[in-house]
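Okay, so here's the structure we're looking at.
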Amino acid sequence: MMVRLVALALNAWKLQDLCNGDGTLGFGIGLSDPDDPDVHITDYTGQKRLWIEVGQPDEKPITKACNKSDHMLVYPFNHAAHVWWKGLEGKLARQSKLEVHYIDSEVAQQLGALAERSMQLQATIQEGQLTLSSNLGTVFVEPTRWK
Numbered sequence: 001m002m003v004r005l006v007a008l009a010l011n012a013w014k015l016q017d018l019c020n021g022d023g024t025l026g027f028g029i030g031l032s033d034p035d036d037p038d039v040h041i042t043d044y045t046g047q048k049r050l051w052i053e054v055g056q057p058d059e060k061p062i063t064k065a066c067n068k069s070d071h072m073l074v075y076p077f078n079h080a081a082h083v084w085w086k087g088l089e090g091k092l093a094r095q096s097k098l099e100v101h102y103i104d105s106e107v108a109q110q111l112g113a114l115a116e117r118s119m120q121l122q123a124t125i126q127e128g129q130l131t132l133s134s135n136l137g138t139v140f141v142e143p144t145r146w147k
């Protein structure tokens with residue numbers, strides 16, 4: 001959940017660039033619909049301009065999302081992400097719409113420690129680094145671009 005929130009925060013500024021501010025930025029339906037993104041920017045016509053997945057999706061859903069949207073981002077974040085990417089890197093090399101940004105697994109665990117049933121978070125982005133703060137602490141997130 002917290003990595004989805006990070007993905008939303010890191011890409012909120014793109015709403016203006018992709019839709020001239022005339023669109024929506026939001027979370028997808030979740031696990032109940034695998035054909036829906038985790039986070040998305042959708043323009044006023046319903047077209048998905050940005051499709052974001054969190055975790056380690058398979059090649060087929062990534063390719064499908066690249067075909068359905070203008071841009072596709074994946075944020076893998078656990079210790080097995082490196083193995084996952086080694087297996088898919090060659091297969092996805094031609095996907096020009098795809099970007100992959102790794103979030104360190106330790107950072108993902110720190111993000112989990114900020115989660116509460118009712119929480120207030122403050123997000124600041126400066127020079128590509130997201131600072132996420134709450135009354136429980138502060139986490140610095142700087143994803144590493146793999147593709």
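Here UniProt numbering is used: position 36 in the sequence shown is 36, and no number is missing along the way. Glycine included, every Cβ here is placed at the ideal spot set by N, Cα and C. Quick caveat: nothing in here was measured; it's all calculated off a predicted structure.
If you compare alpha carbons, which of the options is closest to residue i?
i	options	result
residue 8	54, 91, 113, 34	54
residue 60	124, 91, 110	91
residue 149	126, 14, 65	Nothing can be reported for residue 149, as the shown portion of the chain is limited to 1 through 147.
residue 27	21, 57, 137, 5	5
residue 63	82, 45, 89	89
Where residue i and residue j are concerned, what is the direct C-alpha to C-alpha distance, given to the nearest angstrom?
i	j	result
residue 47	residue 69	7 Å
residue 122	residue 112	15 Å
residue 147	residue 101	7 Å
residue 16	residue 103	25 Å
residue 33	residue 19	25 Å
residue 142	residue 87	24 Å
residue 13	residue 127	13 Å
residue 135	residue 45	39 Å
Is it the case that the Cβ atoms of residue i and residue j are separated by a distance below 8 Å?
i	j	result
residue 77	residue 105	yes
residue 39	residue 108	no
residue 23	residue 43	yes
residue 110	residue 81	no
Per DSSP, what kind of secondary structure is residue i in: helix, strand or coil?
i	result
residue 145	strand
residue 91	coil
residue 9	helix
residue 80	coil
residue 119	coil
residue 17	helix
By Cβ distance below 8 Å, which residues in the same chain neighbour residue i in space, the five residues on each side in sequence not counted?
i	result
residue 1	115
Identify, in the order they occur along the chain, each residue of the same chain with its Cβ nearer than 7 Å to the Cβ of residue i, setting aside the five sequence neighbours on each side.
i	result
residue 94	none
residue 140	129, 131
Enumerate in chain order the residues of its own chain whose CB-to-CB distance from residue i is below 6 Å, with the five nearest sequence positions on each side excluded.
i	result
residue 73	52, 99
residue 125	none
residue 71	50, 97
residue 145	101
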